[in-house]
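Only one structure is covered here, and it is reproduced in the block below.
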Amino acid sequence: MLVNIHTHYKWADSIEIVNGLESSNSPCYYSFGIHPWDSATNDLKIREIENNAHDKFMLAIGEIGLDKVQGPALEIQKSCFIDQVLIAEKINRPVIIHCVKSWNEIVAIKSQIQPKQTWIFHGFSKVTILESVLAEGLMISIGAAILNNTTLQMALLKIPNDRLFLETDDSEITILEIYKKVSALKKLTLPELEEIIENNFKRIFRI
Ligand SMILES: [Zn+2]
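The working numbering numbers the first residue of the sequence shown as 470 and each following residue consecutively.
If you want it as structure tokens, here you go:
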């Protein structure tokens, strides 16, 4: 079975975690949180996250994080991020991280909070921070960038299999295309890669 760890659309072609799905008639795994771009807005939604704790379909808090290119002032983003990371600790959910030019700040917050929950760096493409992201213990999720970013293609070989997730994010590329590319680069068969990612999914989300 294919696993799509982070998508903004409901594809229903894999096990998928749909970002921001608030309620659904056909049960589907989702992540819920305040995106850094929206972090100036509401306390209400923060309470809502905690209220979803009983919902077994809410697999993760996310996407949350810091973005120095877009969104409100960094201090506002930091406080919203920290609030949500603390909720994730309280309700035992992994966190899906959005990080744009803010890795040092994310590390600082992580060392301050010392989270027990797994953090997943989604849409990873910044190869220069790979060693540090691995050293900090995060899972790494790779998306459509792997199809033509040759630097990322080379770096993929340095990501241990047990630290890897795959995703489509907001692209219209199918998760199968991403699996095919990654299996070719890692010299794995498609079933071998499927087993690796599915095992990671079961381990991290305790499913
Ligand atoms: Zn996303």
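Ideal Cβ positions, reconstructed from N, Cα and C, are used throughout, including at glycine.
For ligand 1, is there any heavy atom lying closer than 7 angstroms to the beta carbon of H523? no
When you measure from the CB of E544 to every non-hydrogen atom of ligand 1, does any distance come out below 7 angstroms? no
Whole angstroms are fine: how far does the CA of V538 sit from the CA of A529? Taking the straight line joining both Cα atoms gives about 24 angstroms.
Beta-carbon within less than 8 angstroms of D536's beta-carbon, same chain only, minus the 5 sequence neighbours each way: which residues are those? P505, W506, Q546, H567, C568, V569, K570, S571
Could you check the C-alpha separation between P563 and Y499 for me, to the nearest Å? 12 angstroms
Any idea what DSSP makes of L490, helix, strand or coil? Reduced to three states, the DSSP call for L490 is coil.
When the Cα atoms are used, what is the spatial distance from V472 to F674? V472 and F674 have their C-alpha atoms some 12 angstroms from each other.
Between which two residues does the alpha helix (DSSP H) harbouring F593 extend? No alpha helix (DSSP H) holds F593; DSSP gives it neither H nor E.
Bounding residues of the alpha helix (DSSP H) (the contiguous stretch that carries C549): 543-560
I'd like the list of long-range same chain contacts for L555, defined as Cβ closer than 8 angstroms, with 5 residues on each side in sequence excluded. I582
Classify I484 as helix, strand or coil using the three-state DSSP reduction. strand
Please look up how many angstroms separate the CB atoms of I533 and Q553, rounded, as I've assumed it's under 8 angstroms. 5 angstroms
8 angstroms Cβ cutoff met for I647 and I609: no
Where are the beta strand (DSSP E) runs, 3 residues long or more, that stay fully inside the region 632-673, in chain order? For the region 632-673, whole beta strand (DSSP E) runs of length 3 or above, ordered along the chain, are 633-635.
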